[in-house]
Amino acid sequence: MSKEIVSIEHVARSIFVIRGQKVMLDFDLAALYGVPSGHLNRAVKRNIGRFAIDFMFQLGAEEARNLKCQIGISSWGGRRSLPYAFTEQGVAMLSSVLKSERAVERTRLACWRWR
Numbered sequence: 212m213s214k215e216i217v218s219i220e221h222v223a224r225s226i227f228v229i230r231g232q233k234v235m236l237d238f239d240l241a242a243l244y245g246v247p248s249g250h251l252n253r254a255v256k257r258n259i260g261r262f263a264i265d266f267m268f269q270l271g272a273e274e275a276r277n278l279k280c281q282i283g284i285s286s287w288g289g290r291r292s293l294p295y296a297f298t299e300q301g302v303a304m305l306s307s308v309l310k311s312e313r314a315v316e317r318t319r320l321a322c323w324r325w326r
């Protein structure tokens, strides 16, 4: 199990309401799990059948622009694609496709904070 401490407040700051749903964004989840965002997104694409339509969705261009303004960052490192948003069920499913103890541990923390 990972000895690194993740604050509940950090997880809470990573939960946004988009399209009326509480979600976490792919890059925040990748940081939480300690994997590159590309690795996380490739794992999802390899296992897309596990992610029902209400588990995740890709942000539209306007949603992404609004979110960047809302959270006060100027860039997401030159992303070539729009971010994916994961609902609580999608976050739970991520731990099964990433297949690591850290993913399970961090998913537990994220889902606990969701409530």
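In the numbering used here, each residue's number is its place in the sequence shown (first place is 1) plus 211. From the three backbone atoms N, C-alpha and C, an ideal C-beta is built for every residue, glycine too. Every value quoted in this text rests on a predicted model; they were computed, and no experiment measured them.
Exercise for the section: Indicate whether VAL206 and LEU309 have their beta-carbon atoms separated by less than 9 Å. Expected result: Nothing about residue 206 can be read from this structure; the chain reaches only from 212 to 326.
Practice task
Would you identify the three-state DSSP class for SER213, choosing helix, strand or coil?
Solution key: Interpretation of SER213 is limited by its pLDDT of 45, a score under 50 that renders its predicted location unreliable; no figure is taken from the coordinates.
Practice task
For the alpha helix (DSSP H) containing LEU243, list its first residue and its last residue.
Solution key: 237 to 244 is the span of the alpha helix (DSSP H), which, as asked, contains LEU243.
Exercise for the section: Could you tell me the distance, in whole angstroms, from the CA atom of LEU270 to the CA atom of ARG317? Expected result: LEU270 and ARG317 have their C-alpha atoms some 23 Å from each other.
Practice task
Would you tell me roughly how many angstroms separate the C-alpha atoms of ARG241 and ARG230, rounded to the nearest one?
Solution key: It is worth fixing the name first, because residue 241 is Ala in this sequence and not Arg. Taking the straight line from one Cα to the other gives about 22 Å.
Problem - Same chain only: Cβ atoms within 6 Å of LYS214, ignoring 5 sequence neighbours per side - result: Because LYS214 sits at a pLDDT of 47, beneath the cut-off of 50, its placement in the model cannot be relied upon, and the point is left open.
Problem - Cα-Cα separation between PHE268 and SER311, rounded to whole angstroms - result: PHE268 and SER311 have their alpha carbons spaced roughly 23 Å apart.
Exercise for the section: Could you tell me the boundaries of the beta strand (DSSP E) in which ALA296 lies? Expected result: Residues 295 to 297.
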